[in-house]
Every structure is written in structure tokens, then in C-alpha cells.
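Heads up, the thing below is written out as C-alpha cells.
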Amino acid sequence: MTAPEAGLEQFVKAIEGLDAWQLEEAAKQVVQRLSDAGLMRHRGWCFDEEPARRERERAIQEGATHAVQRLREQGALATPQDAKLPATMRADGIGAVSQAVETVPFLPGEHVLWKGHILQKTALTDLPNDFTDRTVWLDVTPPKPTTAAGTGDAPAAGDRPRPGAAATH
């Protein structure tokens, strides 16, 4: 007789010895214990699988990164600086960029020129409980410096006196 069968026989004997009013409470306790045991097994399995899943994803990402770098070294792929997104692309938002560059692999951290904006690819894969690869394009265009138009005698835009303030010259 196996261990589960022996345990089942003990369980049946214990149930047969109970009164009718005790059966309901016993059934609740059995269901609770089985649920707790099953939940703990599931949680243990998830925790055991999580590091392995992350390691597989990291290996896949590193393999893709090395493959793209090798193709660029051989001249088969354009570098991010040479690749430009079509200017005719919709201006509905940066989300359209991902669709336009599916044919050209870009690595996280690389920049793409799109309609005068410099976009940086960012992969958000280290989020907890995130089982999908999410790519986000960040606008990293440097702000254009403002130059004060006028003569050298005119104060800069931030140095103008308030209206009605006395001159301190």
C-alpha cells in the first residue's frame, strides 16, 4: 500500500468516527488544509521558476544583442546613427516608432532620429510580475539654446528690470 492510500484510509476511518454535526467542520478543515498545501506548492514552484525564467530572458536578450552587433560589424545592418525613420510617419505619438523600426533591430540605449527628435530605445523588462518585453521610446532631444536677439547693450531675458522699478545704474 502506498503512502497516499494509507493516508486516505486513515482519513476515511476518522470521518466514519465523527458525528453528523462534526462532519461539516471537519470538511471545512480538510478543504482549508488542502488549499493551503496546494497554494504553498504553487508559490514554491513560482519562486523556483522565476530565476530560471529571468536567466532565459537575459540570455535571449544578450544573444540578440551580440547578433545585432555582429551584423553591424559586417555591414549588413545600418548603425543607429545612419538609420532614420521615415518622415512621412504618423505624428500620433512615439508609439508608432516601434512599428516603423520592426525591420531594423535597435538595441536598448540606442538613438533614432525621427522628425527632428532624437529617440532612445529603452527596454522595460525588469519590472516585477512582467512577463512581456516592453519597449519604450524616450524623447532625449536636447533643448535648443535660446539666444537673445538684439544689441549687446540690451540686458539678457532674465536680467530685465521689473516694470516701474528704479534703475540702479
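Counting from 1, position 167 in the sequence shown corresponds to residue 217 in our numbering; the numbering is continuous, with no gaps.
Glycine included, every Cβ here is placed at the ideal spot set by N, Cα and C.
Since the model is a prediction, treat every value here as computed from it, not as a measurement.
Collapsed DSSP secondary structure at residue i in the structure displayed
{"i": "K194", "result": "coil"}
{"i": "M139", "result": "Model confidence at M139 stands at a pLDDT of 43, short of 50, so the residue's coordinates are unreliable and nothing is read from them."}
{"i": "L68", "result": "coil"}
Outcome for residue i when other beta-carbon atoms lying within 10 angstroms are tallied against a minimum of 16
{"i": "K171", "result": "buried"}
{"i": "L43", "result": "Because the chain spans 51 through 219 in this model, residue 43 falls outside it and cannot be assessed."}
{"i": "L169", "result": "buried"}
{"i": "N179", "result": "Residue placement at N179 cannot be trusted, given a pLDDT of 47 that sits under 50; what the coordinates show is reported in the next sentence. So N179 counts as exposed."}
{"i": "H219", "result": "With a pLDDT of 48 at H219, under the threshold of 50, the modelled position of that residue is not reliable, and the figure given next carries that caveat. Exposed, by the Cβ-count rule."}
Contact with chain B by residue i, beta-carbon distance below 8 Å
{"i": "E99", "result": "No chain B appears in this structure, which consists of one protein chain only."}
Residues bridged to residue i [DSSP beta-bridge criterion]
{"i": "D189", "result": "L169"}
Beta-carbon proximity of residue i to residue j, cut-off 8 Å
{"i": "H167", "j": "D189", "result": "yes"}
{"i": "A56", "j": "I65", "result": "no"}
Distance, residue j Cα to residue i Cα
{"i": "E59", "j": "H116", "result": "59 Å"}
{"i": "E99", "j": "R108", "result": "14 Å"}
{"i": "P192", "j": "P101", "result": "38 Å"}
{"i": "R103", "j": "R120", "result": "26 Å"}
{"i": "E74", "j": "D86", "result": "18 Å"}
{"i": "E105", "j": "F61", "result": "43 Å"}
{"i": "V81", "j": "G113", "result": "47 Å"}
{"i": "W71", "j": "R83", "result": "20 Å"}
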